[in-house]
Amino acid sequence: MNVPAGEPTPHQEAHAHDSSQIHVAGRDQYIYHSSAGTHHDQVPVPGAGRALARMLAPFCVLVAGVTLVGVAYDADGWIPGPLLLTGLVCVVLTAPRLRPAVRRRRLTRSGRNPELARLQDRQLEGAAEQLARELEVLWNREMKLRRLQHPAPLPVRWVNAEEFGDHWTNIRTDDGRDAPLDLSGSSALHEVYSRIPSGRLLILGRAGAGKSVLALRFALDRLRAREPGGRVPVLFPMASWDPATQDLESWAAGRLAADHPALAGQAVSGGTVAAELLRSDRLLPVLDGFDEMSTQTRHHALRRLRASLGEADPFLLTSRADEYEAAVRQADIVLPATAAVRVEPLSVQESVDYLHRTARKLVVGGAVATKWDPVLTRLREHPSDPQVLRLRDVLTTPLMTGLARITYSDTSRDPAELLDHRRFPGRAAIEDHLLGQLVPAVTGQSERTARWLMFLAQHLTSLGTQDLEWWRLSQAGPRAARAVGALLAMGAATALLGWRVDSQTSWFGIGMPVWVPFGVLCLISVADVVFNTRESLPQYVPRTEPGRMVRPALVVVALVCGGLLYSWLEQYTLFQVIAAAASVIFSVGHWIVRRKSRRPKAPGRPTVEKPLEDLRHGPSDASTRGPERTLREDRLATLVTLGLINVLRGGSAVWRAAGLLIFAAFAPELCFIDIRPDTGAITTVVTFVAIAVLGASSSAWCGFGASGVWLWGAGKLPWNVLGLLGEAHRLGVLRQSGAVYQFRHSRLQERLAAQAGEPAPARVSASSSRIEELRLVRSMLSSIVLAVGSVAMGVDMFLLKAESESGPYEAVAPVCELIDREALGKVVPDPRGEPSQEHDYGLVRRYCTWDTGTPSAGDPVVVIIVDLLEPISTLTAVESADGLFGHGLPVGPIVSQHAVDLGGVGDEAVTAVGHSEDRPTVATSVRLDNLLVTVTYEVDLKWGDTQGYARSTGITQDLARTVARNISDAHS
Numbered sequence: 000m001n002v003p004a005g006e007p008t009p010h011q012e013a014h015a016h017d018s019s020q021i022h023v024a025g026r027d028q029y030i031y032h033s034s035a036g037t038h039h040d041q042v043p044v045p046g047a048g049r050a051l052a053r054m055l056a057p058f059c060v061l062v063a064g065v066t067l068v069g070v071a072y073d074a075d076g077w078i079p080g081p082l083l084l085t086g087l088v089c090v091v092l093t094a095p096r097l098r099p100a101v102r103r104r105r106l107t108r109s110g111r112n113p114e115l116a117r118l119q120d121r122q123l124e125g126a127a128e129q130l131a132r133e134l135e136v137l138w139n140r141e142m143k144l145r146r147l148q149h150p151a152p153l154p155v156r157w158v159n160a161e162e163f164g165d166h167w168t169n170i171r172t173d174d175g176r177d178a179p180l181d182l183s184g185s186s187a188l189h190e191v192y193s194r195i196p197s198g199r200l201l202i203l204g205r206a207g208a209g210k211s212v213l214a215l216r217f218a219l220d221r222l223r224a225r226e227p228g229g230r231v232p233v234l235f236p237m238a239s240w241d242p243a244t245q246d247l248e249s250w251a252a253g254r255l256a257a258d259h260p261a262l263a264g265q266a267v268s269g270g271t272v273a274a275e276l277l278r279s280d281r282l283l284p285v286l287d288g289f290d291e292m293s294t295q296t297r298h299h300a301l302r303r304l305r306a307s308l309g310e311a312d313p314f315l316l317t318s319r320a321d322e323y324e325a326a327v328r329q330a331d332i333v334l335p336a337t338a339a340v341r342v343e344p345l346s347v348q349e350s351v352d353y354l355h356r357t358a359r360k361l362v363v364g365g366a367v368a369t370k371w372d373p374v375l376t377r378l379r380e381h382p383s384d385p386q387v388l389r390l391r392d393v394l395t396t397p398l399m400t401g402l403a404r405i406t407y408s409d410t411s412r413d414p415a416e417l418l419d420h421r422r423f424p425g426r427a428a429i430e431d432h433l434l435g436q437l438v439p440a441v442t443g444q445s446e447r448t449a450r451w452l453m454f455l456a457q458h459l460t461s462l463g464t465q466d467l468e469w470w471r472l473s474q475a476g477p478r479a480a481r482a483v484g485a486l487l488a489m490g491a492a493t494a495l496l497g498w499r500v501d502s503q504t505s506w507f508g509i510g511m512p513v514w515v516p517f518g519v520l521c522l523i524s525v526a527d528v529v530f531n532t533r534e535s536l537p538q539y540v541p542r543t544e545p546g547r548m549v550r551p552a553l554v555v556v557a558l559v560c561g562g563l564l565y566s567w568l569e570q571y572t573l574f575q576v577i578a579a580a581a582s583v584i585f586s587v588g589h590w591i592v593r594r595k596s597r598r599p600k601a602p603g604r605p606t607v608e609k610p611l612e613d614l615r616h617g618p619s620d621a622s623t624r625g626p627e628r629t630l631r632e633d634r635l636a637t638l639v640t641l642g643l644i645n646v647l648r649g650g651s652a653v654w655r656a657a658g659l660l661i662f663a664a665f666a667p668e669l670c671f672i673d674i675r676p677d678t679g680a681i682t683t684v685v686t687f688v689a690i691a692v693l694g695a696s697s698s699a700w701c702g703f704g705a706s707g708v709w710l711w712g713a714g715k716l717p718w719n720v721l722g723l724l725g726e727a728h729r730l731g732v733l734r735q736s737g738a739v740y741q742f743r744h745s746r747l748q749e750r751l752a753a754q755a756g757e758p759a760p761a762r763v764s765a766s767s768s769r770i771e772e773l774r775l776v777r778s779m780l781s782s783i784v785l786a787v788g789s790v791a792m793g794v795d796m797f798l799l800k801a802e803s804e805s806g807p808y809e810a811v812a813p814v815c816e817l818i819d820r821e822a823l824g825k826v827v828p829d830p831r832g833e834p835s836q837e838h839d840y841g842l843v844r845r846y847c848t849w850d851t852g853t854p855s856a857g858d859p860v861v862v863i864i865v866d867l868l869e870p871i872s873t874l875t876a877v878e879s880a881d882g883l884f885g886h887g888l889p890v891g892p893i894v895s896q897h898a899v900d901l902g903g904v905g906d907e908a909v910t911a912v913g914h915s916e917d918r919p920t921v922a923t924s925v926r927l928d929n930l931l932v933t934v935t936y937e938v939d940l941k942w943g944d945t946q947g948y949a950r951s952t953g954i955t956q957d958l959a960r961t962v963a964r965n966i967s968d969a970h971s
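Residues in the sequence shown are numbered consecutively from 0, following numbering that gives the first Met the number 0.
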């Protein structure tokens, strides 16, 4: 649709005179020299290097940011703060830029690689064929529901409208002649359209003249006559387009993706299938209802439409004549190479014949007649009667003729009442009467159904739209209904942070606990999600096979379970070795499988099964494609992905909320705040559940459900809203366009909204430029507040040291002096002690290694370790020692570890045995307030020597008891 003038159609091949092959893919040309037989040298494409550089630059910055975060985690002193802040800034700024850069790189690769170009061609060809099948079923069903073929279609005639078209020299692109073409007709518009060389047609007419029905018939006839590979006609209701915020291609692609979720999938080039279909000249846009756009946007829409047209881009556009003429004057442009026709009014005889054929036969006085005969006789015999003139004028439009049929031919009402001039003093009165009687006629005078439809019409009018989209009905309910999920998620994160660091205070919180300012940030984030998030669009997960449907959920569950398992087993060296080896083996195996799967099955033929898989195995029942189907697919996508798909596609407000949830989980560790021990598993589960709840509450399905419950409780809509819409569609009150319903005519919506009584509060359309500007401003303010608040809290927690108490032990004697050398000689012959010392953040560790004076292989070794814990950040020294106790014992892969009683010495003690075939290590650790005393004993033993292991355990426990008593005696 946006291919510039003079460019070839996608995927053409030609041969030059010098035996070179020219391959054309979209806008790129590639030349292969075939002089060497089968060898082809590809000419580099300009811009490929720039695309690679633009992809590598954010990737390198992102890696640098992650590296800085990791370095900050292990650094000491004041360095971690700046490093952590710099790393987070790098990650936040570059992560959103990485995906567009990768997409540009993929586009360049697809252009430089003929196999990828052919692969995309086949993918888009399959998508177009599937779309054509779905549209044919949908439009046939729509024709039946509107009863446009029974008993026969109303005759709609059209003639040339020369004053609205372009010069015929521009329209006749085949021969350039200035002679006009006769485009008048009354039956087959698609045949008339095929005579227009430029393929651009404008259909004008008065309100209710049948323009939308004519466009529907044109699209269906064009689809039936379509050749394989030809353009697929697609109806686009223009009332939903806001040209101030969206170009035509983006809006049309979004509309296609919403109506046909499979087209929202990724194409080979990296874009969506819907956007690539529009770019590759495989669709024929049928733009219906230009006049239904707001007056302020029509001239802008004309400029946007003109700017989007390439040399050979066809389209069909419908509009009321007066509204289109006003927009042309305001925009001061004309659509290039566009022919125009005007729909003519129905003749009285055509309306009379149609109504006569729709009524049931009656026998009156031995003669066969219908209830319309007296009215039709009056119309013929008194043509100058003022009331007859009014009724004749009303029945010149197919809309009013059809409403007259529904109101009188299909009910027991007498149409003679239309001739009452006192009741209907003007044409407007007759039209309002026919519009007002439609709903009672088709619903059997159901007041409750009429009231529900009036509410829907009033709601759409307040939004300034005609599209009845189920996912936008959430706007009809209170905003509090949409805030429930975000409140639950943020409340869980606040409670988690308060539980983990419950005794701390913060200068940022003005002397309050840390969770208080974080809770304020969460409330701001909830308001950000409620007020700055656009209506969620229905999501779609390809359903090619049951295994693929649950794959995202299984991956997430596997990651969570794997993280929990690693947090429990990371202290065992053997587990770390096995995990590292498994990761390497899996990565290498995955790379090998991917390389093999990308190989073509035959020389010169790319493998296309995977990109076409969704299309071939997609749902075959196209007749069910509609609002109900999109609701089921959105619910399935939310449940299968555990809400993560809505977090990824929820927009910046949802991303900021998810960032706060992750901040609550990792900020204490990153800011070096010691927290409650053994909370990793609970933190992981709570954070994951909170993100899933946030994602699910951001889905279109949950928003629709929450608002639906409120509207049902208020009596404004039934419990089964989609059931109401489906029944109204079946009865002819609504019409369907993909996944969207609309009232049968804009005038019917206006009439029902007026009948609702009290007008709805005026709202700005969600697609208007004004609301977009307000949302952008609010979003920027929220981003600044949340970013500054999060950084301030991070710095605050990092610097937080108030009220942390030192332990009873502030110094310890040299470790080698804590045990008698003669007593140790019973374990290590001729023992010699070698002291050493380490100092880490909040920890002073002193060693004393005892071995024989003349060491040889197999001699026993005793190591005494004393850890003096200091107060760090917000924990006392005793709390730090209690959190570290029992973790990281220096025995290698742990075989067993159990608590022991050292005869009342110390607060708690534990003994661990490390695995080894011939020289195991046994350790006993005891805690004395803020001291950790650990004694290890290493000697040659055979695996399975129970007595030897028992002797080694006893030695470490005796030595640990002795050292602990000596420290206690010296301190007292």
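For every residue, glycine included, the Cβ atom is placed at its ideal position computed from N, Cα and C.
Residue i, DSSP secondary structure in three states
i      : result
TYR29  : Note that TYR29 scores 35 on pLDDT, short of 50, meaning its location in the model is unreliable; the coordinates nonetheless yield the value given after this. TYR29 falls in the strand class under three-state DSSP.
TYR808 : coil
SER764 : Caution applies to SER764, whose pLDDT of 44 falls short of 50 and renders its modelled position unreliable; the value that the coordinates give is listed next. In this structure, SER764 counts as coil in the three-state DSSP scheme.
GLY702 : helix
ASP968 : helix
GLY546 : Interpretation of GLY546 is limited by its pLDDT of 45, a score under 50 that renders its predicted location unreliable; no figure is taken from the coordinates.
GLU878 : helix
ARG303 : helix
GLY913 : strand
SER924 : strand
PRO859 : coil
ARG844 : strand
GLN444 : coil
Alpha helix (DSSP H) segment containing residue i, residue limits
i      : result
THR629 : 626-639
TYR740 : No alpha helix (DSSP H) contains TYR740, which is instead part of the beta strand (DSSP E) from 739-742.
LYS380 : Strictly speaking, residue 380 in this sequence is Glu, with Lys absent from that position. Element bounds for GLU380: 372-380.
ASP392 : 385-393
CYS521 : 514-531
ALA752 : 745-754
GLN896 : Premise fails: GLN896 lies in the beta strand (DSSP E), 893-899, not in any alpha helix (DSSP H).
LEU823 : 820-823
Buried versus exposed, by CB contacts within 10 Å (16 or more), residue i
i      : result
THR66  : exposed
SER193 : exposed
ALA256 : buried
LYS370 : buried
ARG447 : exposed
Contact set for residue i: own chain, Cβ-Cβ below 6 Å, skip 5 residues either direction
i      : result
ALA652 : ASP527, VAL528, ASN531 and THR532
Boundaries of the beta strand (DSSP E) in which residue i is found, first to last residue
i      : result
LEU733 : 733-736
HIS838 : 830-839
VAL327 : From DSSP, VAL327 is part of no beta strand (DSSP E) but of the alpha helix (DSSP H) over 320-330.
GLU343 : Per DSSP, GLU343 belongs to no beta strand (DSSP E) and is neither H nor E.
Same chain, Cβ closer than 8 Å to residue i, five either side skipped, listed in chain order
i      : result
GLU627 : LEU721 and GLY725
ASN169 : SER197, PRO335 and ALA336
PHE884 : GLU907, VAL909, SER924, ARG926 and LEU931
GLY435 : ARG750 and GLN754
Own chain residues within Cβ distance below 7 Å of residue i, not counting five before or after
i      : result
PHE517 : THR493, LEU496, ALA663 and MET792
Query - 3 or more residues per run - each beta strand (DSSP E) lying fully within the stretch 242-299 - result: The qualifying runs are 282-287.
Report task. Run through the stretch 136-208 for me and flag every whole beta strand (DSSP E) of 3 or more residues, listed as ranges in chain order. Result -> For the stretch 136-208, whole beta strand (DSSP E) runs of length 3 or above, ordered along the chain, are 157-159 and 199-204.
**Report entry** Length-filtered (3 minimum) beta strand (DSSP E) runs lying within the stretch 210-241
**Finding:** 231-236
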